[in-house]
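The structure appears right after this line, and notes come after that.
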Amino acid sequence: MRFEGKVVAVTGASRGIGREIALQFGLEGAQVACLATRVENAAPTAEAIGPKARAFGCDVSDSGQVDAAFAQIETEMGPVQILVNNAGVTRDTLLMRMSEEDFDKVLDVNLKGAWRCVKAVMRPMMKARWGRIINVSSIVGLSGAAGQANYAASKAGLIGLTLSVAKEVGSRGITCNAVAPGFIETEMTAELAEEFRNKVVETAPLGRLGTGADVAGAVLFLASDAAGYMTGQTLVIDGGLTL
Ligand code: NAD
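2 is the number of the first residue of the sequence shown in our numbering; add one for each residue after it.
Laid out in C-alpha cells, this is it:
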C-alpha cells in the first residue's frame, strides 16, 4: 500500500496503459481520479478500482475542461499529489501527406494537454511542497519515426517539458519524470501490421511486446518514495528494443 491516502490523477484512463496505471495505483491504496475525454468512458475504470476512485470527463485539448476537471477533483477528493499525463493520440502519415490539422491535433493533445494539466496541479503541489508528475512519452520521442513526425515531436516535447518542470519546481519538493515505452500491446497499436509486431518480438532482447502493466510498474516506481531523489529523468520501457 505505497499510495495510501494519496490523490492521483491519471489522464486517458479509459483504456490501455492509462487504465492499467489507474488500476495499479488503486491496488496500492491511492484515491484515483480517472480522467477520460468523456466521464462515461472513465467510469468503468473507476468502478473497477472501487469506492476510493472517481471518474471525471476531461478532454485535455480544452483548457476550460482541464481547469474545471481539476477544480472538481480538488473539491471532491482533495488536492492532486500525483499527476500522470498519459492521454495521447496518433495521426500517423508521411510528412508530405501530413495536414496542418493532423500536426496540430497531436501536439495539442499529447504535449499541450500535459502542459495544461501540469499548470492545473502546480498551485496545490507547491502549497503542499510535495508532488509527483509523470509524463508518458515514447521511445519515438528519443529516436524519431518515419510517418510519425507529429507524434515524435509531441513525445520529444514532453521530455523537454519534463526537464523544464523538474528544474523549475524541484526546490518545492516536486519531481517530474517521464517514461518512454516501446511497443506496448493496446488499442493504439492493435492496427499495426503482424510483420511489424513479429519484428519487434525478434529484435527486442526480452523477446516480447510490452504490456500496460510493464509501463504502470515504472510509473508507480517514479511516483513512490523510492524515486524521491530522481527528477528530470526518462525511463525507457521497451524490452531492450532500442539498445
Ligand atoms: P490508447 O489509444 O489505448 O489510449 C489513449 C488514451 O488517451 C485513451 O484513454 C483516450 O481516450 C485518451 N485520449 C485521447 N485523446 C484524449 C483527449 N483529447 N483528452 C483526454 N484523453 C484523451 O493508447 P495507449 O497505447 O494506452 O497509450 C497511452 C499513452 O502511452 C499515450 O500517450 C501513448 O502515446 C503512449 N505510448 C503508447 C505506446 C504503445 O505502444 N501503445 C508506446 C509509447 C507511448
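All C-beta atoms in this analysis are idealised placements derived from N, C-alpha and C, irrespective of residue type, glycine included. Source: prediction; values computed, not measured.
Quiz item: DSSP puts Gly-211 in a beta bridge; with which residues?
Solution: Here residue 211 corresponds to residue number 210 of the sequence shown, with the count starting at 1. Secondary-structure assignment with DSSP links Gly-211 through a beta bridge to Ile-185.
Exercise. Ignore the nearest five residues each way along the sequence and tell me which others in Val-237's own chain have a CB closer than 7 Å to its CB.
Key: As a working note, residue 237 is residue 236 in the sequence shown. The residues are Ile-140, Ala-181 and Thr-243.
Exercise. Check whether the Cβ atoms of Val-90 and Val-110 lie closer than 9 Å to each other.
Key: Numbered from 1 along the sequence shown, position 89 holds the residue referred to as residue 90. Numbered from 1 along the sequence shown, position 109 holds the residue referred to as residue 110. A contact, by the Cβ cut-off of 9 Å.
Quiz item: If Ala-138 sits next to Thr-235, beta carbons under 8 Å apart, how far is it from one beta carbon to the other, in whole angstroms?
Solution: Reading the sequence shown from its first residue, position 137 is the one you call residue 138. Reading the sequence shown from its first residue, position 234 is the one you call residue 235. The question names Ala, but residue 138 in the sequence shown is Ser. The pair is a contact, with the Cβ atoms about 6 Å apart (cut-off 8 Å).
Practice problem: For Ala-214, collect the residues of the same chain with a Cβ closer than 8 Å to its Cβ; drop the 5 residues on either side in sequence, then sort them by chain order. | Solution: If you number the sequence shown from 1, residue 214 lands on position 213. The residues are Glu-21 and Gln-25.
Quiz item: Is Asn-151 near the ligand NAD, in the sense that its beta carbon is under 8 Å from a heavy atom of that ligand?
Solution: In the sequence shown, the residue the question calls residue 151 occupies position 150. No, the Cβ of Asn-151 stays beyond 8 Å of every heavy atom of the ligand NAD.
Self-check item: Contact under 9 Å by Cβ, Cys-59 with Ala-70
Solution: Against the sequence shown, residue 59 aligns to sequence position 58. Against the sequence shown, residue 70 aligns to sequence position 69. Yes, these two residues count as a Cβ contact at 9 Å.
Practice problem: Can you tell me which of Ser-100, Glu-77, Gln-149 and Glu-186 puts its alpha carbon nearest to the alpha carbon of Gly-19? | Solution: The residue you call residue 19 lines up with position 18 of the sequence shown. Measuring from the Cα of Gly-19, the nearest candidate turns out to be Glu-186.
Practice problem: Would you tell me roughly how many angstroms separate the C-alpha atoms of Ala-153 and Asn-86, rounded to the nearest one? | Solution: On the sequence shown, position 152 is the one that residue 153 refers to. On the sequence shown, position 85 is the one that residue 86 refers to. Distance between the alpha carbons of Ala-153 and Asn-86: 16 Å.
Quiz item: Around the C-beta of Ala-136, are 16 or more other C-beta atoms found within 10 angstroms, so that it is buried, or is it exposed?
Solution: Looking up residue 136 in the sequence shown gives position 135. Sequence inspection shows Asn at residue 136; the Ala mentioned does not correspond to that position. It is buried - the Cβ of Asn-136 has at least 16 other Cβ atoms within 10 Å.
Quiz item: Going straight from the alpha carbon of Ile-134 to that of Ile-175, what length do you get?
Solution: One-based indexing of the sequence shown puts residue 134 at position 133. One-based indexing of the sequence shown puts residue 175 at position 174. Whole-angstrom Cα-Cα distance: 8 Å.
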